[in-house]
Amino acid sequence: MKRLYVGNLSYTVTSEDLQALFAQFGHIVSAEVIEDRHSGRSKGFGFVEFEDASQADAALAINGQEYKGRKLHVSLAKEKTERTGGGAGGAGGGSRWRGADRGSDRGGERRGSGGFRDRDDRR
611 MKRLYVGNLS YTVTSEDLQA LFAQFGHIVS AEVIEDRHSG RSKGFGFVEF
661 EDASQADAAL AINGQEYKGR KLHVSLAKEK TERTGGGAGG AGGGSRWRGA
711 DRGSDRGGER RGSGGFRDRD DRR
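Position one of the sequence shown corresponds to residue 611 (my numbering), numbered consecutively onward.
Right, dumping it as structure tokens:
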């Protein structure tokens, strides 16, 4: 089996549309438009998996073709990589923004030489 990445899709394209578009090249195992997990709206890309690698190779011919007003970007999909650990999750790391040493971000602790004053520093 061989999987293709299909990018620059119109946000109106459904998984069924993708299936119909690529069916001319052979037996499709799966066709999926990726959607935002929260809104359910298309992210503008998807994947098509063919039973036979030669069919997937033939389907690469669609690359650059216009479909529903957008030029498709079709390429071989990259293998999924295992995600290890969690990383910061978008909230951790970067202590300079979480109050660790805020003074140095604003020109040091030299009051009166520019930078910002604390809310309670009234003149």
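In this text, a Cβ means the ideal position worked out from N, Cα and C, and glycines have one as well. Source: prediction; values computed, not measured.
Point to revise | Beta bridge counterpart(s) of Glu-659 as assigned by DSSP | key: Arg-613, Ser-640
Check your understanding: CB-CB under 7 Å to Lys-678, same chain, minus the five flanking residues each way: which ones, in chain order?
Key -> Ser-620, Thr-622, Val-623
Check your understanding: Under 8 Å, do Ser-625 and Gly-650 count as touching if we go by C-beta distance?
Key -> Between Ser-625 and Gly-650, the gap from beta carbon to beta carbon reaches 8 Å or more.
Check your understanding: Grouping DSSP H, G and I as helix and E and B as strand, with all else coil, what is Ser-685?
Key -> Residue state, collapsed to three classes: strand.
Practice item. Identify whether Ser-620 lies in helix, strand or coil by the three-state DSSP scheme. Key: coil
Practice item. Would you check if the distance between the CB atom of Gln-675 and the CB atom of Phe-635 is smaller than 8 Å? Key: no
**Study point:** Of the listed residues Asp-667, Val-639, Lys-681, Ala-668, nearest to Gly-654 (C-alpha basis)
**Key:** Lys-681
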